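Q:
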Amino acid sequence: MKFYNLVFETLLKRFQEQKSNDWWSSCNFNIRRPMALEQIAEVVQNEKLLDAIEDEFNGVIVEVNEPMDPKLFHSKLKTSVSHWRQQGKKGVWIKLPIKLVSLVEPAVNEGFWYHHAEPTYIMLVYWIPKSGNTIPANATHRVSIGAFVMNQKREVLVVKEKIGKTLKGMWKFPTGTADEGEDVCDAAVREVKEETGIDTEFVEILSFKQSHKALFGKSEIFFVCILRPKSFDIQIQELEIEAAMWMPLEEYITQKYVQSNEFMKDITEKYKEKVDLDEVHTEFSIIKKKFTQNFLLSLRALVSSLK
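In this text, residue positions in the sequence shown follow UniProt numbering: the first is 1, and each later residue adds one.
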């Protein structure tokens, strides 16, 4: 250490001798007050750590955006985890963009595991304490919709799908999956438009169910929505839909697929009850019916009072 100090002081002296005092005074160096060893150690330590921000659960989030040599990343990650352990941190999240996929293996080798992935990144996670892991699981459910759409002729909108083994070739109401951040009512309207070209508006949720072990083992919440048609000319989505039509409600109910599925049978019966009571908001909605009934009652009362 004394040798390096001597070399540094000699070089510094020669450098000062070659420069004017004015030039030297304009520099940002402060020779009289050298950086404390603790400060130097802190700077060196920070250079060895990955940049991270603290989360609200006493964990840290690392977001790597610039290319890094996998070996350097591995070294920094080991040092960082050790540092965070000393600080008492718990969960460590690392977000890696798809362009930095080469950094996934070093992280996995340090005990990190996959939490979730999106089209542009993968999220890895690690639990530091020896206590039980409380990191929340990835999304456990997906939200799907089905749409009952009926015209003024008591015909329901049905489709046949080109793909899918279970319902391929069967007449069913339009179905689909809600997009991220999309409300159920908007998803139902969108799916009907995409599959059949029919414009609709949301009326109400008829029923819903929860099922497990669906796509990739995730659970599913399926909402059945009642929609009112605003147009009637069908234009199918040829990529996924084989055919679409307006089918008489009674014919739809008698289908083997409907009768053999308890949930479908139940919601179809509920839907028919609403239709029979004129509670489905088609052009002959319950609002118009009640208005007409109230108007006739008022008219009769007026006539009676004049007698």
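Ideal placement from N, C-alpha and C gives every residue a C-beta, glycine not left out. Just so you know, these numbers come straight off a predicted model, no measurement behind them.
Contact check, L239 vs V192 under 8 Å by CB: the rounded distance?
A: In the sequence shown, counting from the first residue as 1, residue 239 sits at position 239. In the sequence shown, counting from the first residue as 1, residue 192 sits at position 192. In fact, because the Cβ distance is near 16 Å, the residues do not count as touching under 8 Å.
Q: Whole-angstrom Cβ separation of Y121 and K95, contact assumed at under 8 Å?
A: Taking the sequence shown and counting its residues from 1, the one referred to as residue 121 is at position 121. Taking the sequence shown and counting its residues from 1, the one referred to as residue 95 is at position 95. Confirmed, about 6 Å.
Q: In this structure, how does DSSP classify F173 when only helix, strand and coil are distinguished?
A: Indexing the sequence shown from 1 puts residue 173 at position 173. Coil, per DSSP.
Q: Is G169 near the ligand COA - that is, is its Cβ less than 8 Å away from at least one heavy atom of it?
A: As presented, the structure is devoid of all ligands, the ligand COA included, so that no description of it is given.
Q: By DSSP, does R33 sit in helix, in strand, or in coil?
A: Indexing the sequence shown from 1 puts residue 33 at position 33. Because the pLDDT at R33 is just 46, under 50, the model does not fix this residue reliably, and the value given afterwards should be weighed accordingly. In the structure shown, R33 sits in coil (DSSP, three-state: anything other than H, G, I, E or B).
Q: In the structure shown, what three-state DSSP assignment does F112 receive?
A: Mapped onto the sequence shown, residue 112 falls at position 112. Of the three classes helix, strand and coil, the one that applies to F112 here is coil, per DSSP.
Q: The beta strand (DSSP E) spanning K209 covers which residue range?
A: Locating residue 209 in the sequence shown gives position 209, where the first residue counts as 1. K209 -> beta strand (DSSP E) spans 200-211.
Q: Skipping 5 residues on each side, what residues in its chain have a beta carbon closer than 8 Å to that of V104?
A: As a first step, residue 104 is located in the sequence shown; it is residue number 104 there, counting from the start. These residues qualify, in order along the chain: L96, I122, L124.
Q: Quick one, are the C-beta atoms of E195 and I145 less than 9 Å apart?
A: The residue you call residue 195 lines up with position 195 of the sequence shown. The residue you call residue 145 lines up with position 145 of the sequence shown. Not a contact, by the Cβ cut-off of 9 Å.
Q: In its own chain, which residues sit with a C-beta less than 8 Å from the C-beta of V258, not counting the 5 before and 5 after it?
A: As a first step, residue 258 must be located in the sequence shown, where it is residue number 258. Excluding positions up to five away in sequence, the list reads Y252, M264, K265, T268.
Q: Could you tell me the boundaries of the alpha helix (DSSP H) in which E194 lies?
A: Along the sequence shown, one-based indexing puts residue 194 at 194. 184-196 is the extent of the alpha helix (DSSP H) around E194.
Q: Is it buried or exposed for K99, if we count other Cβ within 10 angstroms and need 16 for buried?
A: The residue given as residue 99 occupies position 99 in the sequence shown. Exposed.
Q: Give me, in chain order, the residues of the same chain whose beta-carbon lies closer than 7 Å to that of G111; leave out the 5 immediate sequence neighbours on both sides.
A: Sequence index remark: in the sequence shown, residue 111 carries index 111 (1-based). Result list for G111: Y126, in chain order.
Q: Could you pull out every residue in the same chain whose Cβ sits closer than 7 Å to the Cβ of V76, ignoring the five residues on either side in sequence?
A: Position 76 of the sequence shown, counting from 1, holds the residue named residue 76. The question names Val, but residue 76 is Lys in the sequence shown. Cβ within range, chain order: K48, L49, L50.
Q: Beta-carbon within less than 7 Å of H115's beta-carbon, same chain only, minus the 5 sequence neighbours each way: which residues are those?
A: Locating residue 115 in the sequence shown gives position 115, counting from the first residue. Result list for H115: M123, L124, V125, N138, in chain order.
Q: Note down, in chain order, each residue of its chain lying with its Cβ closer than 6 Å to the Cβ of V224, except the 5 sequence neighbours on either side.
A: Mapped onto the sequence shown, residue 224 falls at position 224. G146, L206, S207, I267, listed in sequence order.
Q: To the nearest angstrom, how far is it from the Cα of E201 to the Cα of L277?
A: The sequence position of residue 201 within the sequence shown is 201, counting from 1. The sequence position of residue 277 within the sequence shown is 277, counting from 1. Using only the alpha carbons, I get a separation of about 20 Å.
Q: Would you tell me roughly how many angstroms separate the C-alpha atoms of W171 and K162, rounded to the nearest one?
A: On the sequence shown, residue 171 is found 171 positions in, with the first residue counted as 1. On the sequence shown, residue 162 is found 162 positions in, with the first residue counted as 1. The alpha-carbon atoms of W171 and K162 are separated by roughly 11 Å.
Q: Measuring CA to CA, which of G169, V203, M68 is closest to K256?
A: Start at 1 with the first residue of the sequence shown, and residue 256 comes out as number 256. Ranking the options by Cα distance to K256, first place goes to G169.
Q: Please identify the residue among V101, G197, Q210 whose C-alpha is closest to the C-alpha of W246.
A: Taking the sequence shown and counting its residues from 1, one reaches residue 246 at position 246. Minimum Cα distance to W246 is reached at G197.
Q: If I follow the unbroken beta strand (DSSP E) through residue 308, where does it start and stop?
A: Outside the shown range of the chain, which is 1 to 307, sits residue 308, and nothing can be said about it.
Q: Check whether the Cβ atoms of V64 and G91 sit closer than 9 Å, and answer yes or no.
A: Numbered from its first residue, the sequence shown carries residue 64 at position 64. Numbered from its first residue, the sequence shown carries residue 91 at position 91. No; because the gap between Cβ atoms is not below 9 Å, this pair is not in contact.
Q: Can you tell me where the beta strand (DSSP E) holding V258 begins and where it ends?
A: Translated into positions along the sequence shown, residue 258 becomes position 258. Counting along the chain, V258 falls outside any beta strand (DSSP E), though it belongs to the alpha helix (DSSP H) covering 256-260.
Q: Below 6 Å CB to CB, which residues in the same chain sit around L249 once its five sequence neighbours on both sides are set aside?
A: On the sequence shown, residue 249 is found 249 positions in, with the first residue counted as 1. Correct list, in chain order: R154, V156.
Q: If you compare alpha carbons, which of N133, K71, K270, E220 is closest to N109?
A: As a working note, residue 109 is residue 109 in the sequence shown. Measuring from the Cα of N109, the nearest candidate turns out to be K71.
Q: Quick one: which unbroken alpha helix (DSSP H) runs of 4-plus residues sit fully inside the region 64-142? Chain order, please.
A: The qualifying runs are 70-86, 104-109.
Q: Mapping DSSP to helix, strand and coil, what is K218?
A: The residue you call residue 218 lines up with position 218 of the sequence shown. It is coil, neither helix nor strand.
Q: Using 10 angstroms around the beta-carbon of I128, count the other beta-carbons present and answer buried if the total reaches 16, otherwise exposed.
A: In the sequence shown, residue 128 corresponds to position 128, counting from 1. It is buried - the Cβ of I128 has at least 16 other Cβ atoms within 10 Å.
Q: Which residues bound the alpha helix (DSSP H) around L239?
A: What you label residue 239 is simply residue 239 of the sequence shown in a count that begins at 1. Run containing L239: none; DSSP gives neither H nor E here.
Q: Would you check if the distance between the CB atom of V159 and the CB atom of I236 is smaller than 9 Å?
A: Position 159 of the sequence shown holds residue 159. Position 236 of the sequence shown holds residue 236. Yes, the pair counts as a contact, with Cβ atoms nearer than the cut-off.
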